[in-house]
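Asks: Please see the structure below; I have some questions.
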Amino acid sequence: MNWRFAPALIVAVAGLAIATQFIAQVFEHQAVLGTTFLTFGEMRVYPPWSILEWDARWERGYPRPFAVSRLIVFLTAGAGVALVASALHKARVVKAFGRDAWGKLVSVRKDRNCPRRLR
């Protein structure tokens, strides 16, 4: 696996998890949402991918909460793409130009290929 993509994967799963927990909270953790992944006291944590099933099943009946959850997923996916783009980006080296682009007399003297009269 190319480790440059790992942060994007983590961000994508986090986005799904946030959207899932948002919908679970909006619908007050009703039993119809299914089983939880983890439970910490009163806090119930659903699998991050649950939002995909819930969106397909109930989005038409409750468009506003699911629009917010889609926005969460979309923004985190965009952040993941930005992370990958920044990891793959190579800095450009600016070539010397102007007065700095010309060699110095010292470098001409070191060059064995130049005529003797310039050394």
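For what it's worth, this note's numbering labels the leading residue of the sequence shown as 10, then goes sequentially. Glycine included, every Cβ here is placed at the ideal spot set by N, Cα and C.
Say the cut is 7 angstroms; is the CB of residue 87 nearer than that to a heavy atom of the ligand ZN?
Replies: Summarising the ligand content, the structure contains no ligands, and the ligand ZN is consequently not present.
Asks: What residues in its chain sit with their C-beta under 6 angstroms from that of residue 31, if we drop five residues either side in the sequence?
Replies: Your numbering for residue 31 matches position 22 in the sequence shown. Correct list, in chain order: 78.
Asks: Inspect the beta-carbon positions of residue 42 and residue 49 and report whether they are closer than 8 angstroms.
Replies: Here residue 42 corresponds to residue number 33 of the sequence shown, with the count starting at 1. Here residue 49 corresponds to residue number 40 of the sequence shown, with the count starting at 1. Result no, Cβ atoms of residue 42 and residue 49 do not sit closer than 8 angstroms.
Asks: Applying the criterion that 16 or more other CB atoms from any shown protein chain within 10 Å of the CB defines a buried residue, is residue 129 buried or exposed?
Replies: Residue numbering for the chain in the displayed model covers 10 to 128; residue 129 lies beyond these limits and cannot be assessed.
Asks: DSSP three-state call for residue 101: helix, strand or coil?
Replies: Position 92 of the sequence shown holds residue 101. Here residue 101 sits in coil by DSSP.
Asks: What did DSSP end up calling residue 106 once you bin it into helix, strand or coil?
Replies: By 1-based counting over the sequence shown, the position of residue 106 is 97. Coil at residue 106, not helix or strand.
Asks: So, with DSSP's three-state summary, where would you put residue 69?
Replies: Reading the sequence shown from its first residue, position 60 is the one you call residue 69. If DSSP states are grouped into helix, strand and coil, residue 69 belongs with coil.
Asks: Taking the C-alpha atoms as reference points, what is the distance between residue 115 and residue 121?
Replies: Numbered from 1 along the sequence shown, position 106 holds the residue referred to as residue 115. Numbered from 1 along the sequence shown, position 112 holds the residue referred to as residue 121. So the two alpha carbons sit approximately 12 angstroms from each other.
Asks: Determine the burial state of residue 59: buried for a count of at least 16 other Cβ atoms within 10 Å of its Cβ, exposed for fewer.
Replies: Within the sequence shown, the letter at position 50 stands for residue 59. Result: buried.
Asks: Could you round the C-beta distance between residue 53 and residue 33 to whole angstroms and report it? I think they count as a contact, below 8 angstroms.
Replies: One-based indexing of the sequence shown puts residue 53 at position 44. One-based indexing of the sequence shown puts residue 33 at position 24. Confirmed, Cβ separation roughly 7 angstroms.
Asks: Would you give the residue range spanned by the alpha helix (DSSP H) that residue 29 belongs to?
Replies: In the sequence shown, the residue the question calls residue 29 occupies position 20. Run containing residue 29: 15–35, per the alpha helix (DSSP H) assignment.
Asks: So, do the segment 82–90 and the segment 18–31 have three or more beta carbon pairs nearer to each other than 8 angstroms?
Replies: Yes, the segment 82–90 touches the segment 18–31.
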